[in-house]
DNA sequence: CTGATGTTTCAATAATTTTTGAACTGAGGC
DNA sequence: GCCTCAGTTCAAAAATTATTGAAACATCAG
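Protein chains in written order, with this note's numbering: chain X, 6 to 178; chain F, 6 to 178.
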C-alpha cells in the first residue's frame, strides 16, 4: 500500500544502517502489540518494548529507530511512555554520550504499574460522582432495584480503592 | 462543532420524543464510558449500558435510541456487543412485538466475560508462536538472559491458559 | 400473501488516535 | 562562545476506529 519511498529510517545521514526485524523478532513483537492493544497502548510502544525484550544487551536510541524503521518522534515518545511506566531503564556507561535502554527486570511489575496508572485515577475520580448518583436516586425515591445496583457499584468502587494499594503497591516497596 | 441539525434521534416519524439524559444519568454514563475506554470498548456501548443500568425497567430499542440521541445503527451494534458479552438480556413479554433490554444481574460476571473474550484468544493464539520464538533463541545460542526472559514469558502464558477456565469459567456454570 | 413494524447491515463519513519530521532545546566538548 | 550531538516537542498528515443512515432483511398480524 505505501510506496517504497525511503522512510527516515533505514539510513541516517551517512551513518550505519540497521537490519530489519528477523522473523522471530516480528513474532514476539506481534504478541506484545496484541497484548498492548487490549490495554490501549500504541503499537509503536509495544514494538520498542518487544525489541528490547529479545535483544541481548541494552540498545541506544538510534538502534531502536533503525531496526524498527520508525521516526525519531515515535521512538522518543515511546521511550518516554515506557520510562514513565517503569517498563524500561537506561544504562548510561560513564563517559558515554548516549543512553542505552533495556527492559525492567520484572514484566509483571511493569504490567502492574501500567494497570495502576490507568485504572486507579478512574476509580478515584469516579468516587464522589458515584456517591452523588446514589444519593440522588435515593432522594428521588427511585426503584429499589436501581438503588441496589447503584449501592453495589459504590461498594465495589470503595473496595477497589482500599485494595488497590495492597495489590498494586506504589513504586518502591 | 456539529451543526444543530435534527439528528435522526429526538423524534421518530411523528412518534414520541424522548427527554435527554438527566445530570445524574450523565454522571453515571461518564463513569462507564471511562471504564470502558480502558478496555477499548466504544463510548456508545458504554452509554447504552449505563442507561439500562440506571433505568427502572427494561427499555426498548426506540427508548434507547431516543434518550441517547444516537443512530439506529449504533444502538443495534451496541446491543449486539452487549448481548454477545452477556452484559444485557432481553425480556420479551408475550404478545409484545419489541424486545426490551436490561442489564445482566451481575456486573462482575459481565466484566469477566468481557475480559475473557479479549485476553483469552490472544493468549491462545500466542502460545505456539511464543514457543517457536523460544526454541529459535535456544537454537541460535542466544544470551542466557534472553533465553531466561523468553522462558518466563512462555511459562506465564501457559499458566494463564491453565488458570483461565478456573478463574473465568465459561458461560453456564 | 401483504403490509407494517422492528432490527441489522454496511458503505460513506466523522471523530479520534498515532505517527511523522522539521524546528527546537539542552548538554557537553573544544 | 560556538558547534555538534542527542533527544524532545508539537503541528500536520496518516491511519485507525466509531458513528451514521439508508437500504435490506426478518417477523409477525391480519
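Glycine included, C-beta positions come from ideal geometry on N, C-alpha and C. Note that the structure is predicted; figures quoted are calculated from it, not measured.
query, result
"Rounded to the nearest angstrom, what separates residue 15 of chain X and residue 76 of chain X at their Cα positions?", "Below a pLDDT of 50, predicted positions are generally treated as unreliable, and residue 15 of chain X, at 34, falls in that range; the measurement from the model is reported next regardless. So the alpha carbons of these two residues sit roughly 10 Å apart."
"Note the first and the last residue of the continuous beta strand (DSSP E) segment covering residue 1 of chain F.", "This structure cannot speak to residue 1 of chain F, because chain F is shown only from 6 to 178."
"State yes or no: is the beta carbon of residue 131 of chain X nearer than 8 Å to at least one beta carbon in chain F?", "yes"
"Please tell me whether residue 49 of chain F and residue 79 of chain F are closer than 8 Å, where the distance is taken between their beta carbons.", "yes"
"Output yes if chain F places a C-beta closer than 8 Å to the C-beta of residue 148 of chain X; else output no.", "yes"
"Measure the C-alpha to C-alpha separation of residue 70 of chain X and residue 110 of chain X and round it to an integer number of angstroms.", "22 Å"
"Using 8 Å for Cβ pairs, my map puts residue 51 of chain F next to residue 59 of chain F. What's the rounded Cβ distance?", "Their Cβ separation, rounded to whole angstroms, is 13 Å, which puts residue 51 of chain F and residue 59 of chain F out of contact at 8 Å."
"Where does residue 138 of chain X land, buried or exposed, given buried means 16+ other C-beta within 10 angstroms?", "buried"
"Based on the DSSP output, what are the partners of residue 65 of chain F in its beta bridges?", "F:105"
"Apply the 10 Å Cβ neighbour rule to residue 145 of chain X and answer buried if 16 or more other Cβ atoms are within range, or exposed otherwise.", "exposed"
"Against chain X, does residue 18 of chain F count as a neighbour if the rule is that its beta carbon must be under 8 Å from one of theirs?", "Caution applies to residue 18 of chain F, whose pLDDT of 46 falls short of 50 and renders its modelled position unreliable; the model cannot decide the point."
"Just to make sure I have the definition right: I need the residues of chain X whose C-beta is within less than 7 Å of the C-beta of residue 54 of chain F. Which are they?", "Going along chain X, no residue has its Cβ under 7 Å from residue 54 of chain F, so there is no contact; the nearest lies around 12 Å."
"Which full runs of the beta strand (DSSP E) of 3+ residues lie inside the stretch 65-140 of chain F, going along the chain?", "93-95, 105-108"
"Measuring CA to CA, which of X:155, X:162, X:141 is closest to residue 2 of chain F?", "What the structure shows of chain F is the stretch from 6 to 178, and residue 2 of chain F is not part of that stretch, so it cannot be assessed."
"Any beta carbon from chain F within less than 8 Å of residue 160 of chain X's own beta carbon?", "no"
"So residue 171 of chain F and residue 106 of chain F are supposed to be a Cβ contact under 8 Å. How far apart are they, rounded?", "Actually they do not touch by this definition, with Cβ atoms about 31 Å apart."
"Does the beta-carbon distance from residue 36 of chain X to residue 134 of chain F come in below 8 Å?", "yes"
"Are residue 155 of chain F and residue 129 of chain F touching if we call contact CB-CB under 8 Å?", "no"
"Per DSSP, what kind of secondary structure is residue 15 of chain X in: helix, strand or coil?", "Low confidence applies to residue 15 of chain X: its pLDDT is 34, below 50, so where it sits in the model is not reliable enough to give any reading."
"In whole angstroms, what is the alpha-carbon distance linking residue 158 of chain X and residue 108 of chain F?", "13 Å"
"Would you mind sorting residue 113 of chain F into buried or exposed? The rule is 16 or more other CB atoms within 10 Å of its CB.", "exposed"
"For residue 33 of chain F, would you say it is in contact with chain X, using Cβ-to-Cβ distances shorter than 8 Å as the test?", "yes"
"For residue 136 of chain F, return the contacting residues in chain X, with the cut-off set at a CB-CB distance below 8 Å.", "Here the premise fails: no neighbours, minimum Cβ distance about 10 Å."
"Given a cut-off of 8 Å on the beta-carbon distance, is the pair residue 61 of chain F and residue 150 of chain X in contact?", "yes"
"Any C-beta of chain X sitting closer than 8 Å to the C-beta of residue 89 of chain F?", "no"
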